[in-house]
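One structure is given here, and the rest of the page talks about it.
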Amino acid sequence: MHVSTELIVLQDPSEVGHAKNSVRLLSLVIPKTQVLVGEGADDFSNLRQYLDASTKPVYLVYPCDKSKSAEEERFDDEVILLLLDGTWKKAYKLLQLNPWLLQYPSLHLDLQSGSNYTIRKASRSDSLSTLEAAAMMLKAIEPELSVIPLTRALSAMVNQRLNSMPASVRKRYE
1 MHVSTELIVL QDPSEVGHAK NSVRLLSLVI PKTQVLVGEG ADDFSNLRQY LDASTKPVYL
61 VYPCDKSKSA EEERFDDEVI LLLLDGTWKK AYKLLQLNPW LLQYPSLHLD LQSGSNYTIR
121 KASRSDSLST LEAAAMMLKA IEPELSVIPL TRALSAMVNQ RLNSMPASVR KRYE
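Each residue of the sequence shown is one higher than the last, beginning at 1 in UniProt numbering.
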């Protein structure tokens, strides 16, 4: 899948080997996705240099008091999206350990429905997998882009995981 938007995922190290990792799937569907694993600022020093040298607008995908709705924002032809991959607690920790991220405007999504990523429990109603967040952000930035390959890939992974579970376990996710 070809996109004009540059996707860069800052991934908590504990997510790398996770069987339900949606970033791995995102990278398969959009091969140009950059995934950087780390926690502290030193882990992302090359990224900081890259972003400082870039002429493209950079946005952080993170809902907060100052974030703007991606659906209402006007975007240039090419932008860079920074996505934090991990549980809410881990994403918050990534943000706290990397205050340099706060220099970029934050974006959030106005969710019309819940997550389809039912195989992972979430503490918040606005929780999305990183793949879902990327797909919705891409749709807001590149309205003509079809994100069906992303949603189909996630759906297939969820169904495969659910079908491999014993019925007693599967009931917890339905």
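All C-beta atoms, glycine included, are put in the ideal place defined by N, C-alpha and C.
1) Using three-state DSSP, classify Ile141 as helix, strand or coil.
2) By the DSSP assignment, the alpha helix (DSSP H) with Leu94 in it spans what residues?
3) Beta-carbon separation of Val61 and Met137 under 7 Å?
4) Report the residue from Ser146, Leu94, Pro31 and Met157 whose alpha carbon sits nearest the alpha carbon of Pro13.
5) Return the residue from the list Asp85, Lys68, Leu131 and Leu97 that minimises the CA-CA distance to Leu110.
6) Between Thr151 and Val29, what straight-line distance do the alpha-carbon atoms span, to the nearest angstrom?
7) So if DSSP puts Ile6 in a beta bridge, which residue, or which two residues, is it bridged to?
8) Anyone know if the C-beta pair for Leu15 and Gly86 falls short of 7 Å?
9) CB Ser27 to CB Leu131, shorter than 7 Å?
10) Using CA coordinates, which residue listed in Arg24, Gln34 and Ser146 is at the minimum distance from Ile80?
11) Taking the straight line between their C-alpha atoms, what separation do you get for Ser115 and Lys66?
12) Taking all protein chains shown into account, do 16 or more other C-beta atoms lie within 10 angstroms of the C-beta of Thr55, making it buried, or fewer, making it exposed?
13) Can you list, in chain order, the residues of its chain whose CB lies under 6 Å from that of Ala41, leaving out five sequence neighbours each side?
14) Pick from Ser4, Tyr59 and Glu6: whose alpha carbon is nearest that of Leu101?
On the basis of the data shown:
1) helix
2) Trp88 to Leu97
3) yes
4) Ranking the options by Cα distance to Pro13, first place goes to Leu94.
5) This sequence places Asp at residue 110; Leu is not what is there. Closest option to Asp110, Cα to Cα, is Lys68.
6) 10 Å
7) Here the sequence assigns Glu to residue 6, which means Ile is not the residue at that position. According to DSSP, which records beta bridges pairwise, Glu6 is partnered with Ile80.
8) The identity of residue 15 in the sequence shown is Glu, whereas the question assumes Leu. Yes, the Cβ-Cβ distance between Glu15 and Gly86 is below 7 Å.
9) no
10) Gln34
11) At Ser115 the pLDDT is 46, less than 50, meaning the model places this residue with poor confidence and gives no usable figure here.
12) Looking at its Cβ environment, which holds fewer than 16 other Cβ atoms inside 10 Å, Thr55 is exposed.
13) Asn98
14) For the residues Ser4, Tyr59 and Glu6, the minimum Cα distance to Leu101 belongs to Tyr59.
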